[in-house]
Structure formats: C-alpha cells, structure tokens
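A.B. asks: My questions will all concern the structure given below.
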Amino acid sequence: MTMTVDLSGVSAGFAEPVPAAQRVFRGVLDALSRPGTLVRLDSTADFGAKGAIALTLLDYETPVWLGENPEPAFGNWLRFHCGCPLAATPAQASFVFLDAVDLPPLDQFHAGDAKYPDTAATLVITLPALTGGAPVTLAGPGIQTRQTIAPLGLAPDFWRQAADNRAQFQLGLDIILAAGDVIVGLPRSTRILTEG
Amino acid sequence: MNQSDPLVAGQNRPANALAAARQRAHALIAKSHPATVQACFARMGDLPQTSPLRPTEIGLIMVRGRVGGDGQRFNLGELPVARAAVRIDGGAVGVGYVAGRDHDHAEMAALADAMIQSDNWREQLEDVVLAPLAAELAIRKTTNARKAAATKVDFFTMVRTRAEK
C-alpha cells in the first residue's frame, strides 16, 4: 500500500518554496520561450538544475522516469519533496530526468496525442557542459533569426531524433538541456537546421 | 469496532522494534495537547540542533469511513493536518504529522521522532517526554471510561424475558 522512503540521505529542498519556485519557474519559462539561450536558474537546491526544476514543476500528478536503474538518492529526494510517483515505463512519464549517456531513443516517451498534445513528456537531460560540443543551429518561434548552441555530451544521433520530434508537431517532447544550474530550452516547436 | 491501540504494548506491533517505538511516540504526541508536549520538552533542558528538511506546512487530508467491516467506503470529511520534517545533528531525520494547524505541535512530533532514532537522545526523551505523556493519557482514558460507564444502560428486562421463555 505504502512504499517507505529512506530519509536518512535526503537533503533539504527550497528553504522558501514559493519565492524560490517562482524564480525557477521564470527561468524555465525564459528558456523555453527563447530556445537556445543559456539561462541560469536562481536556485540553491541540491542536484543543480534538475533538482530546481523538479521542486518547481512536480507534484503527485506527474509521474517521473529516472531510467532503468535510477540513482536512489535523487529518487528518494524527489519522492519526499515532490510526492511524485515514479513511472513504471518511459511512456507513462510526464517528466523525465536522465543523464545524456542514459538517454534511450526519444520515441519511447509520450509525445502527447491529437486531442491532448499538452500531455507530452518534458525531458530534462543532464550534460557535462552546454558549450564546447558540436555546434547546432536552431530556428523557430522565440528565435529572431538563428541561434547556435554547442552542448557537450549528446549522442551523435540525438539531433536527428530531435528533428524527428519537431516533424510530428504539434505533438512532441519538450526538452531541457541542463548542466550545473544552467539550462537551455528545446521546445517541440524549435527546428534543428544543421546537424551536429 | 476492534481498533488496535498503539499505546498498548504488543498490539499492532511491526516487526521492527524501532518502528514500534516511533509509532508509540507519534501516537503519544499527536494525542496529547500541544501545551502539554511543550511543557515536557521545556523540562528537557538541552535539545539537539535541528534543521528543517522542508518547511512545516498545513494541509487537508480526507478522512474516510466505513460502516461496519464490510460497508462501502465514504468520505467522512476533511481534517486539517500539520506536518514537519527535521534533521537533528547526528543525521537522524524525523517526521511529524498531527491533526490541527499547530506548527509547533508538528515540529515537536518530528523532533521526538528524530530523537528516538538517535542513541544519544532516546532514553532522555522516553524519561522526560514520552513517559509523562503516556501517564497523562492513561489517566485521561480511565477518566473518560469512568464517565462513559456512569451513563451505561443495562437492558436487563429484555435479557430476562428472553431467558425465562
């Protein structure tokens, strides 16, 4: 009936949940409305950007997928602070937190359906760095002309999958790339122009 | 209704003795008046340093009921609940849930829950806080039982009629 969470390793969340979550929400909103710009999240929460996003956006109605063998520290922390269920399969998750090296093919995640495209999953992908990788050019809503990013550590195939993700618009995944406490938004509306 | 009482040793006992001790402490503090608990903690003198794991907060829980053992479940009503989670020095984490909207009450419950898991504090907590609360609750229980017993009605006539038949 109930699963016990081992609290011994759980660290504190936001000290002041409302102002802190509002600042992080503003950051996520900026990142997703201006795709490709680096946004630093104003948060002191553990686990960097993914921790801040989790504390801000998750609750008991948002199943989360953390991979086949999730790191227990982050899973327990999420369960305690957000009260969110852990999804049994990638397709059931509305939020996904993964390191880039653990990322399965993107078509495993729920991209919404024709009646409810808003139910698509949001992916938060943790990278070693958001600069220094192969450059990729983005265009689309929220970008004046062109925007170039060069995140480090994504699989070579990722940008082709991201382009496929754009092709099924208005279905599609919303992706946030994170390194430390800096994020880059790649909403489903963004077009990938040159592949890495 | 055969409700098990966590204050009575041996009933509803989990496999783990520590879990049983924590359940008992939770029950004692949640059933005692906040001022009484506060007075007990005031007698402790030194208390461990605490840091909140999440801010103490108030919410509503839905209390569900059932008529008899096989009735349909229904929502009886909502109950305000305060909850707290604290870490004390030494690393033990305690959580507290109490009915009502008293932050301090929930924090004391969480503190006691953390202290009972710490070898340094367990005995002092038992002597100064839990034992007096248990004694007071036992008195309250017998007083209530006596008052209730005074209003008991014996339907002896019906019993006798049936017996003579």
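In order, the protein sequences belong to chains L and A. Everything in the first sequence is counted per our numbering, starting at -10 for the first residue and increasing by one. Everything in the second sequence is counted per our numbering, starting at 32 for the first residue and increasing by one. Don't be surprised by glycine CBs; every beta carbon is placed ideally from N, CA and C.
Can you give, in chain order, each stretch of the beta strand (DSSP E) that sits fully within the segment 122 to 185 of chain A and has at least 3 residues?
C.D. replies: 124 to 130
A.B. asks: Looking at the unbroken beta strand (DSSP E) that takes in Q136 of chain L, where does it start and where does it end?
C.D. replies: Q136 to I138
A.B. asks: Mapping DSSP to helix, strand and coil, what is G8 of chain A?
C.D. replies: Residue 8 of chain A lies beyond the residue range present for chain A, which begins at 32 and ends at 196; the question has no answer from this structure.
A.B. asks: Would you kindly work out how many angstroms separate the C-alpha atoms of A143 of chain A and V98 of chain A, rounded to a whole number?
C.D. replies: When rounded, the distance between both Cα atoms is 35 Å.
A.B. asks: Whose Cβ in chain L lies nearer than 9 Å to the Cβ of P86 of chain A?
C.D. replies: From the beta-carbon of P86 of chain A, the residues of chain L found nearer than 9 Å are G2, F3, A4, E5 and P6.
A.B. asks: Quick check on the DSSP output: the beta strand (DSSP E) that includes T111 of chain L runs from which residue to which?
C.D. replies: Note, T111 of chain L: beta strand (DSSP E), T111 to T115.
A.B. asks: Anything in chain L within Cβ reach of S82 of chain A, meaning under 9 Å, just list it in chain order.
C.D. replies: A1
A.B. asks: Tell me whether A103 of chain L counts as near the ligand NAP, meaning its Cβ is closer than 7 Å to at least one heavy atom of that ligand.
C.D. replies: Because no ligand of any kind appears in the structure shown, any question about the ligand NAP cannot be addressed here.
A.B. asks: Kindly say whether S178 of chain L, judged by its beta-carbon, lies nearer than 8 Å to any beta-carbon of chain A.
C.D. replies: no
A.B. asks: At least one CB of chain L closer than 8 Å to the CB of V160 of chain A: is that the case?
C.D. replies: No, its Cβ sits nowhere closer than 8 Å to a Cβ of chain L.
A.B. asks: Hey, out of L:T134, L:L55, L:S22 and L:A62, whose CA is closest to V(-6) of chain L's CA?
C.D. replies: L:A62
A.B. asks: Beta-carbon separation of P65 of chain A and M146 of chain A under 8 Å?
C.D. replies: no
A.B. asks: Check for me: the alpha helix (DSSP H) holding V17 of chain L runs from which residue to which?
C.D. replies: P6 to S22
A.B. asks: Helix, strand or coil for I164 of chain L, going by three-state DSSP, please let me know.
C.D. replies: strand
A.B. asks: Can you list, in chain order, the residues of its chain with a C-beta nearer than 6 Å to that of A89 of chain L? Leave out the 5 residues immediately preceding and following it.
C.D. replies: I114, L116, G142 and L143
A.B. asks: Figure out for me which residue from L:C71, L:Q157, L:L175 and L:N58 has the closest Cα to the Cα of I188 of chain L.
C.D. replies: Any question about residue 188 of chain L goes unanswered here, given that chain L covers just -10 to 185.
A.B. asks: Quick check on this structure: which residue in A:R118, A:F186, A:A115 and A:M93 has the alpha carbon closest to the alpha carbon of N106 of chain A?
C.D. replies: A:M93
A.B. asks: Beta carbons nearer than 9 Å to chain L: which residues of the segment 112 to 123 of chain A have them?
C.D. replies: A116, R118, G122 and A123
A.B. asks: If the criterion is Cβ atoms closer than 8 Å, does the pair L55 of chain L and L75 of chain L meet it?
C.D. replies: The answer is yes: Cβ separation under 8 Å.
A.B. asks: Could you please give the first and the last residue of the uninterrupted beta strand (DSSP E) stretch that includes V117 of chain A?
C.D. replies: R104 to I119
A.B. asks: From the beta carbon of C71 of chain L, is the nearest beta carbon of chain A less than 8 Å away?
C.D. replies: Closer than 8 Å: no.
A.B. asks: Tell me whether S189 of chain L is buried or exposed, calling it buried when 16 or more other Cβ atoms sit within 10 Å of its Cβ.
C.D. replies: No information on residue 189 of chain L is available, as it lies outside the stretch -10 to 185 that chain L covers here.
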